[in-house]
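Asker: One structure coming up, written as structure tokens, with questions to follow.
Protein chains in written order, with my numbering: chain A, 1 to 590; chain B, 1001 to 1151.
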């Protein structure tokens, strides 16, 4: 064996080559560093924006408007996302027959129908409208190309005609057109957007941006009304019964809580189904209790009495003459029962209200200078709107000041509630002012925006109550109203064990400038008499028949509503001894 | 200094076959560098941080896996929440529609149901306010089947 070659000492690499390699690698590193600086520093904002756009999305909304509930959280109006399914047959990657067969059971259409639809146009074929969320989720799960689901909103009114006069309806663009959907359109729009969450490539939500409190993710906000749907139901039933019995044109029932001005019931008949507003008579979209004026007749007498007491024209012990028929400024004025009873002679104020004597009322209001009377009516707000949250309000109408002050007949007719007109809502506000001790409150139906735990979040703005009568005057008038039910025209309204006050009204309707045969009957009650909490007003327009008076037509409605109030609110009897007497439920105790 | 051990070299062993004496190559260990204290500390720190880096890299992997698992679970739970909310909406709508329908039906045909009215309500006086212990019993009125039900 030859000796191993000596290990050749490696030739030193040319120094130049090492330098070249070094420079090359340094250059590469510099290039990478430069790219890094470019991306991280110069393009930072645009790249971050791109990433954000790709990753972060708003979760799909489940509400466009807040749901509306009644006082006891019974749902009255609720949004529902509905989808319209479009097909783009030119984008189908699978056989159309397979798609048709997959969709047929979900949509309730036959595969042949669907295939026919697929054949009409290459894109944008509407397949199904108002597809529910569940079905839409199933269609999405099929994951077929060429199917598109567009979201729209549908508002559901489960109570149908019951609350239509209050809530109204929304049109196809989801904008309110009647009721509080119209007047509170902005209040009802959902304000806080859905939470912004990040999504991964598979379309799954990630917790990176999610709020730590899961309650934030649930949208429990709802608008609560002051209306109680049980009371509304009873009132509507009682009203419809009387409308049918007397073949009347229309009617309304209002229940006002006098302390706050909250409306516990507001029924107008006839009504409509807001789910199918397109089938309804458009005249019904204005709630006539809020929009239509009528001459109140005798139900305005308590207000006139309060004015007279407040201006010290009379005291509760004043006695007024009732001749039965008098002439004022060349015009005859008589009591409604003049032909049967004639004049009654001297009457106390309570008796004036009890017998509902027009002539005595004229004498009463005659004691006040006409301009003071007019000014007080003005101060009561009789030429302005009530200012509630319901739409299409009409302000009350009085004769012009000069006419009222100059001609005595005007104030005379105003004394018994004719010659001026107001809406039932306005009348209930004025009676409420008497019932609650003299403060004019604003009637309203919306209590506020509440969260799911019942905490108030927002309230619509309301005017402050203002004083229009003194407490003493209110108490005196309330006592007189109690007398009306005890011994006057309001006797049928008595409920055993309880005391309420009220006033009947039977007014002739003015048609074309003259008074015709048609009447408008009403009854207003104040309950409970000792400490009034509620004013209940029932007005029935054009009841037919010779026995159609406020006492026969309207009192049964108010009595049914008051009884319902007793059971719903649990108001105990103020005179329980009346109930211990056996079989004496119909007689009025002395 | 210890004398360097003398070892036989492999080259030397080849040569030994020819019979000459083995060539011993002196192998000297590398001189121990004497480090000042600061240098020793730095080296020690480097060793510690190296261990820490390696162990945290090793520990990072299961942690990252746990994070991904949590995200997946959250995502699934959120999906379930959405489904439940959808079901709740559907139930609410059907519940309210059913309530309305039942009310309508009962109004048409009461089937023995009676409306609430004050004659059928019991008010029991509060024991503390009044001395009376007798409840106020309102005599029940016979059921009139044609009466409509109030809800």
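No residue lacks a Cβ here, since even glycine has one placed at the ideal position from N, Cα and C.
Quick check on the DSSP output: the beta strand (DSSP E) that includes residue 38 (chain A) runs from which residue to which?
Answerer: Neither: residue 38 (chain A) is in no beta strand (DSSP E) and is coded neither H nor E.
Asker: Any idea what DSSP makes of residue 478 (chain A), helix, strand or coil?
Answerer: Note: residue 478 (chain A) maps to helix in three-state DSSP.
Asker: With which residues is residue 505 (chain A) paired in a DSSP beta bridge?
Answerer: BP columns for residue 505 (chain A) point to A:522.
Asker: With 16 as the cutoff for other CB atoms within 10 Å, does residue 384 (chain A) come out buried or exposed?
Answerer: Exposed, by the Cβ-count rule.
Asker: Within 8 angstroms, do at least three Cβ pairs link the stretch 485-493 of chain A to the stretch 359-366 of chain A?
Answerer: No, because fewer than three Cβ pairs between the stretch 359-366 of chain A and the stretch 485-493 of chain A fall closer than 8 angstroms, the two stretches do not touch.
Asker: From the beta carbon of residue 75 (chain A), is the nearest beta carbon of chain B less than 7 angstroms away?
Answerer: Judged by the 7 angstroms Cβ criterion, residue 75 (chain A) is in contact with chain B.
Asker: Could you work out which residue in A:365, A:295, A:488 and A:535 is closest to residue 418 (chain A) when comparing CA atoms only?
Answerer: Answer by Cα proximity: A:295.
Asker: If you count every other CB in all the chains shown that lies within 10 Å of the CB of residue 73 (chain A), and 16 or more means buried, which is it?
Answerer: With fewer than 16 Cβ atoms within 10 Å of its Cβ, residue 73 (chain A) is classed as exposed.
Asker: Inspect the beta-carbon positions of residue 425 (chain A) and residue 386 (chain A) and report whether they are closer than 7 angstroms.
Answerer: A contact, by the Cβ cut-off of 7 angstroms.
Asker: Pick out whichever of A:560, A:112 and A:421 has its Cα sitting closest to the Cα of residue 231 (chain A).
Answerer: For residue 231 (chain A), the nearest C-alpha among the options comes from A:560.
Asker: Note the first and the last residue of the continuous alpha helix (DSSP H) segment covering residue 1034 (chain B).
Answerer: From DSSP, residue 1034 (chain B) is part of no alpha helix (DSSP H); its letter is neither H nor E.
Asker: Using a beta-carbon distance below 7 angstroms, is residue 206 (chain A) in contact with chain B?
Answerer: Yes, because at least one Cβ of chain B sits closer than 7 angstroms to the Cβ of residue 206 (chain A).
Asker: Would you say the stretch 59-78 of chain A touches the stretch 163-170 of chain A, given that touching needs at least three Cβ pairs under 8 angstroms?
Answerer: Yes, the stretch 59-78 of chain A touches the stretch 163-170 of chain A.
Asker: Give a yes or no on whether 7 angstroms exceeds the smallest Cβ distance from residue 1151 (chain B) to chain A.
Answerer: In this prediction, residue 1151 (chain B) has a pLDDT of 41, which is less than 50 and means its spatial position is unreliable; what the coordinates show is noted afterwards. Interface residue, yes.
Asker: What residue does the alpha helix (DSSP H) around residue 426 (chain A) start on, and which one ends it?
Answerer: Taken as a continuous stretch (DSSP letters only), the alpha helix (DSSP H) holding residue 426 (chain A) covers 424-435.
Asker: Give the straight-line distance between the Cα atoms of residue 76 (chain A) and residue 506 (chain A), rounded to the nearest whole angstrom.
Answerer: One C-alpha to the other measures close to 35 angstroms.
Asker: Please state whether DSSP places residue 366 (chain A) in a helix, a strand or coil.
Answerer: Helix, per DSSP.
Asker: Check each residue of the stretch 126-160 of chain A: if its Cβ is closer than 8 angstroms to any Cβ of chain B, include it; give the result in chain order.
Answerer: From the stretch 126-160 of chain A, only 132, 133, 134, 137, 156, 158, 159 and 160 have a Cβ closer than 8 angstroms to chain B.
Asker: List, in order along the chain, the chain A residues whose C-beta lies closer than 7 angstroms to that of residue 1100 (chain B)?
Answerer: Within chain A, the residues near residue 1100 (chain B) are 158, 159 and 160.
Asker: List the DSSP bridge partners of residue 150 (chain A).
Answerer: For residue 150 (chain A), which the question treats as bridged, DSSP gives the partners A:84.
Asker: Spell out a yes or no on whether the stretch 437-445 of chain A and the stretch 318-325 of chain A are touching, meaning 3 or more CB-CB pairs, one atom from each, closer than 8 angstroms.
Answerer: Output reads no: the stretch 318-325 of chain A does not touch the stretch 437-445 of chain A.
Asker: Could you list which residues in chain A have their beta carbon closer than 8 angstroms to that of residue 1152 (chain B), in chain order?
Answerer: Residue 1152 (chain B) lies beyond the range of chain B shown here (1001 to 1151); nothing can be said about it.
Asker: Exposed or buried, which one is residue 33 (chain A) when buried takes at least 16 other CB atoms within 10 Å?
Answerer: With fewer than 16 other Cβ atoms within 10 Å, it is exposed.
Asker: Note down, in chain order, every chain B residue with its Cβ under 9 angstroms from the Cβ of residue 78 (chain A).
Answerer: Simply 1089, 1092, 1093 and 1096.
Asker: How should residue 188 (chain A) be labelled, buried or exposed, when 16 other C-beta atoms within 10 angstroms of its C-beta is the threshold for buried?
Answerer: So residue 188 (chain A) ends up on the buried side.
Asker: Identify the continuous beta strand (DSSP E) that holds residue 208 (chain A) and give its terminal residues.
Answerer: First-last for residue 208 (chain A): undefined, no H or E at that position.
Asker: Can you give me the start and stop residues for the alpha helix (DSSP H) that residue 123 (chain A) sits inside?
Answerer: Taken as a continuous stretch (DSSP letters only), residue 123 (chain A) belongs to no alpha helix (DSSP H), as it is neither H nor E.
Asker: Using a Cβ cut-off of 8 angstroms, pull out every chain A residue sitting near residue 1051 (chain B), in sequence order please.
Answerer: Under the 8 angstroms cutoff, chain A gives no residues; its nearest Cβ is about 28 angstroms from residue 1051 (chain B).
Asker: Can you grab the Cα-Cα spacing for the pair residue 1121 (chain B) / residue 1127 (chain B), in whole Å?
Answerer: Approximately 18 angstroms, taken between the alpha carbons.
Asker: Taking residue 1116 (chain B) as part of the alpha helix (DSSP H), name the residues at either end of that continuous run.
Answerer: Per DSSP, residue 1116 (chain B) belongs to no alpha helix (DSSP H) and is neither H nor E.
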